[in-house]
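Top line first, the protein sequences correspond to chains A and B. Numbering-wise, the numbering used here puts 43 at position 42 of the first sequence, and it's gapless, one number per residue. Numbering-wise, the numbering used here puts 207 at position 21 of the second sequence, and it's gapless, one number per residue.
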Amino acid sequence: MCGLAALPFLLMYAVSAVQMAHNKWFNTKPASVSVGTPAVIDAGLVDAAVVAGKLQLRGDIRGKLPKFRVVVPSVVHEVTYIAENGVVTVNTTRARFMGVLNRLHHAAGLWPSYMPLRLWGVAIGLVSIATLGLAITGIVMWWQRKQDRVVGLILLGGNVAFALVVLGMIRAAGP
Amino acid sequence: MAALIRRLHICAGLVVFAQFLVYGIAGIAASVQPSLERPKVPREVRSIPFQREAGESDKAVAARVYELLKPELSRPVPDWFLRKNSEGNLLLDFYNINGIYRTVVEPRQLRVELIRNSAALFLEDIHAANLGGDPGPGLVRVWAAWNEAGIWALLFFCVSGAYLWLATRPGWKWAWVSLAASSLIFGAFWVVFQ
Chain A
2 MCGLAALPFL LMYAVSAVQM AHNKWFNTKP ASVSVGTPAV IDAGLVDAAV
52 VAGKLQLRGD IRGKLPKFRV VVPSVVHEVT YIAENGVVTV NTTRARFMGV
102 LNRLHHAAGL WPSYMPLRLW GVAIGLVSIA TLGLAITGIV MWWQRKQDRV
152 VGLILLGGNV AFALVVLGMI RAAGP
Chain B
187 MAALIRRLHI CAGLVVFAQF LVYGIAGIAA SVQPSLERPK VPREVRSIPF
237 QREAGESDKA VAARVYELLK PELSRPVPDW FLRKNSEGNL LLDFYNINGI
287 YRTVVEPRQL RVELIRNSAA LFLEDIHAAN LGGDPGPGLV RVWAAWNEAG
337 IWALLFFCVS GAYLWLATRP GWKWAWVSLA ASSLIFGAFW VVFQ
């Protein structure tokens, strides 16, 4: 049940991981890039979030005035605002399906200013715990199958030994 | 058929068990990270005698510093990444999967800051190692090769897990409820993020 509850998220991680490992197999270019024409809003604004609000852009604010980005996984708005005269330009990049999966893969944490991204971060935390749960319950389920214990011990032992040695050697390299 | 798939599912899980632990810990580490910025506090600072030769270019100095330090699992700083600090000294960041050898070329010495990522950040980075593009030094490449198996195994587990459920317990109500709920939540996020 834990696996089914996490399935859509795990599928997203699996497909986007294949995409990242084999980038050439997929078209990850943006679906569209639009260059906005300059518009005029209130002059003298000092907060990027206020500028984004005036433009009715929703997403996580990255960067500071005069140039910042408003980010959601499928769309990135690059905003340039000149406080002296209120001239603002918005360039917008929209991702394709695989691009959105890629950005969802990288979206995590509770630090974004945009509430839906924070909620996503909570979901990802739960899915991460579920991933550990799946690994551990998988071990229990394997151990209950007596006919697979010997071969399983060889496979598991090999994997754990490999991981400890290789990760240990990498970690020992410094700095 | 279900018995065979179950056996493959279990065996594949044992082959990539450690990778799964790494993925889970990496996800938790990313979830509790306070910001995109990573701490860059050196755990140790070393001073190494070094004399910049008259007329020596930044590129030549960077190459000489790399030869002198030979920072493990790191590569030379590319030309486009050569920078100066606020005092005008050449700043060389030799990155590896564990952190940064931040080196400042001062008039008569190298100041080397050893900035080490936490174990959680290390696992976050190593979980992303793959054979596509430029997988980096040999040891990381070895991990990346097994990680590749982990990636494909994850995809296989999604399919085989769903198959095993439908083949053995299709009438299990709570399974349908779990899948429906998580699909709705995922779908809602997808719509909001458009």
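No residue lacks a Cβ here, since even glycine has one placed at the ideal position from N, Cα and C.
In terms of Cβ geometry, serine 369(B) and leucine 8(A) form a close pair [threshold 9 Å]. Per DSSP, isoleucine 301(B) is one residue of the beta strand (DSSP E) stretching across 295-302. Listed along chain B are Ser368 and Phe372, each with a C-beta nearer than 8 Å to that of phenylalanine 10(A). Secondary structure note for asparagine 316(B): it is in no beta strand (DSSP E), with a DSSP letter that is neither H nor E. Taking C-beta atoms under 8 Å as the contact rule, asparagine 160(A) and alanine 204(B) qualify, at a distance of about 5 Å.
At a cut-off of 3 residues, the continuous stretches assigned as beta strand (DSSP E) that sit fully inside the region 4-86 of chain A are 33-36, 61-65, 68-73 and 76-83. Following the DSSP letters along the chain, one finds isoleucine 125(A) inside the alpha helix (DSSP H) bounded by residues 116-145. Annotated three-state conformation of isoleucine 337(B) is helix, per DSSP. Burial state of alanine 18(A) is buried, judged by a 10 Å Cβ sphere holding 16 or more other Cβ atoms.
Only Asn282, Ile283, Asn284, Gly285, Ile286 and Tyr287 from the region 276-298 of chain B bring a Cβ to less than 8 Å from some Cβ of chain A. Taking a C-beta distance under 9 Å as the contact criterion, tyrosine 287(B) and glutamate 299(B) qualify as a contact pair. Here isoleucine 125(A) is near alanine 109(A), since their CB atoms are less than 9 Å apart. Between arginine 104(A) and proline 74(A) a beta carbon distance of about 4 Å is seen, short of the 8 Å cut, so the two are scored as contacting. Residue contact with chain B for serine 33(A): absent (no Cβ-Cβ distance below 9 Å to any residue of chain B). Residue contact check for serine 217(B) against chain A: a CB pair falls below 9 Å. Taken in chain order, the complete beta strand (DSSP E) segments of 3 residues or longer contained in the region 194-267 of chain B are 230-235. Under the three-state reduction of DSSP, arginine 288(B) is assigned to strand. Restricting attention to Val51(A), Val76(A) and Gly134(A), the CA atom closest to the CA of valine 377(B) is found in Val76(A). Cβ-Cβ separation between proline 257(B) and phenylalanine 280(B): approximately 4 Å, consistent with a contact (criterion under 8 Å).
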